[in-house]
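Start counting the sequence shown at 40; every next residue gets the next number (the numbering used here).
One structure below.
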Amino acid sequence: MIIDTHAHLNAPQFDEDRQEVIERARASGIGRIINVGFNRETIPSSIALAEQYDFIYSTVGWHPTDAKDMTPEDLEWIESLCGHEKVVAIGEIGLDYYWDTSPKDVQDRVFRQQIQLARKVGLPIVIHNRDAHHDVVQTLREEKAAEVGGVMHCYSGSWETAKMCLDMNFYISFGGPVTFKNAKQPKEVLEKVPLDRLLIETDAPYLAPHPYRGKRNESSYVRLVAETAAEIKRISLEELCEITTANAIRLFGLA
40 MIIDTHAHLN APQFDEDRQE VIERARASGI GRIINVGFNR ETIPSSIALA
90 EQYDFIYSTV GWHPTDAKDM TPEDLEWIES LCGHEKVVAI GEIGLDYYWD
140 TSPKDVQDRV FRQQIQLARK VGLPIVIHNR DAHHDVVQTL REEKAAEVGG
190 VMHCYSGSWE TAKMCLDMNF YISFGGPVTF KNAKQPKEVL EKVPLDRLLI
240 ETDAPYLAPH PYRGKRNESS YVRLVAETAA EIKRISLEEL CEITTANAIR
290 LFGLA
């Protein structure tokens with residue numbers, strides 16, 4: 040079995056064939072899927088999906104690109120959902136300096152508020168980090184994120200940054216980009232990440248792995264990420280799947 044630790048199967052890209060996509064994932068040996076809710080629209084549909092399928096779980100959080108839209112009431116709403124039996128983490132949260140949709144100071148405030156909430160409710164956090172490596176690490180340190188830990192989703196940074204995240208009780212997760220032929224840095228970082236801190240994901244419908252690059256991603260493709268990771272780690276695919284599954288179960292407290 041494999042766990043896709045980050046997907047957006049509630050996205051509109053799946054409206055025409057969501058059931059078939061989920062069935063393909065199950066047929067491909069995907070045992071569980073962590074689906075991500077990240078704003079006012081996607082949180083309810085992510086939870087609804089988790090309620091519909093016993094092997095799908097949900098996260099709740101506020102994405103940095105939408106930070107300017109989050110109200111105090113939204114934060115209270117997220118907190119009220121943290122007790123839901125299928126909610127396993129707060130996220131995806133973090134900083135995004137690539138898309139200029141929310142001011143950096145607003146992103147910072149919303150990020151810190153959600154780390155504080157995670158510590159309050161005792162849930163791990165799912166980190167979105169785009170072109171903001173230094174500030175993400177600094178904020179995680181300042182807000183004592185190590186108390187709850189979490190996962191660096193679809194990791195794209197350096198090994199030096201990864202080491203700092205590992206020291207703060209975080210797992211490092213890799214998605215489709217690590218399968219790309221020109222993905223030198225992600226492959227080098229994956230090789231160094233300890234096996235007991237490694238996770239795999241799709242980020243479906245985004246970032247499809249080779250040979251589907253540029254097309255719609257889906258959870259069944261996480262096997263391609265697993266195959267690449269096993270090759271880089273010089274272990275069997277079966278062992279890679281067993282280890283990353285155990286890691287995901289431990290991090291998200293899955294039954």
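Quick reminder that beta carbons are idealized off the backbone N, C-alpha and C, glycines included.
| query | result |
| --- | --- |
| In the DSSP assignment, find the unbroken beta strand (DSSP E) run with His45 in it and report its ends. | 41 to 46 |
| Quick one: is Thr110 buried, meaning 16 or more other Cβ sit within 10 Å of its Cβ, or exposed? | exposed |
| To which residues does DSSP link Ile194 through a beta bridge? | According to the sequence displayed, residue 194 carries Tyr and not Ile. The partner list for Tyr194 (beta bridge, DSSP) is empty, contrary to what the question assumes. |
| Tell me the start and end of each unbroken alpha helix (DSSP H) in the segment 62 to 95 that is at least 4 residues and wholly inside, in chain order. | 81 to 91 |
| Name the two residues that bound the continuous alpha helix (DSSP H) containing Val175. | 172 to 181 |
| Please classify Gly292 as buried or exposed, where buried requires at least 16 other C-beta atoms within 10 Å of its C-beta. | exposed |
| What residue ranges within the segment 115 to 164 form continuous beta strand (DSSP E) runs of no fewer than 3 residues, ordered along the chain? | 126 to 135 |
| Near Arg169, what residues of its chain come up, given a Cβ to Cβ distance below 6 Å and the 5 sequence neighbours on each side ignored? | Asp135, Tyr137 |
| With 16 as the cutoff for other CB atoms within 10 Å, does Gly188 come out buried or exposed? | buried |
| Here's the rule I'm using: 16 or more other beta-carbon atoms within 10 Å means buried, otherwise exposed. How should Pro51 be labelled? | exposed |
| Which residues does DSSP list as the beta-bridge partners of Ser212? | Leu238 |
| Touching or not, the segment 62 to 81 and the segment 40 to 54, by the rule of three or more beta carbon pairs under 8 Å? | yes |
| May I ask you to report which of helix, strand or coil DSSP gives Ala50? | coil |
| On the DSSP letters alone, give me the boundaries of the alpha helix (DSSP H) that Thr301 sits inside. | Since the first residue of the chain shown is 40 and the last is 294, residue 301 is not available in this structure. |
| Let me know the secondary structure DSSP gives Arg255 once reduced to three states. | coil |
| Can you check whether the CB of Ile164 is closer than 8 Å to the CB of Ala157? | yes |
| Alpha carbon to alpha carbon, how far is Lys183 from Met203? Give it in angstroms, no decimals. | 13 Å |
| Which residue's Cα is closest to the Cα of Ile132: Leu114, Gly122, Ser119? | Leu114 |
| Buried or exposed: which applies to Asp206, given that a residue is buried once 16 or more other Cβ atoms fall within 10 Å of its Cβ? | exposed |
| Comparing C-alpha positions only, which one of Pro233, Gly161, Asp43 sits nearest to Arg273? | Pro233 |
| Sort Ala128, Arg262, Ala269 by Cα distance to Leu162 and report the nearest one. | Ala128 |
| Counting C-beta neighbours from all protein chains within 10 Å, is the total for Met306 16 or more, i.e. buried, or is it exposed? | No answer is possible for residue 306: it lies beyond the span of the chain, which begins at 40 and ends at 294. |
| Report buried or exposed for Ile256, applying the criterion of at least 16 other Cβ atoms within 10 angstroms of its Cβ. | Strictly speaking, residue 256 in this sequence is Asn, with Ile absent from that position. So Asn256 counts as buried. |
| Which term fits Arg236, buried or exposed, when burial requires 16 or more other beta carbons within 10 angstroms of its beta carbon? | buried |
| Tell me which same chain residues have a C-beta within less than 7 Å of the C-beta of Ile69, skipping the five on either side of it? | Ile41, Asp43, Ser258, Ser259, Val261 |
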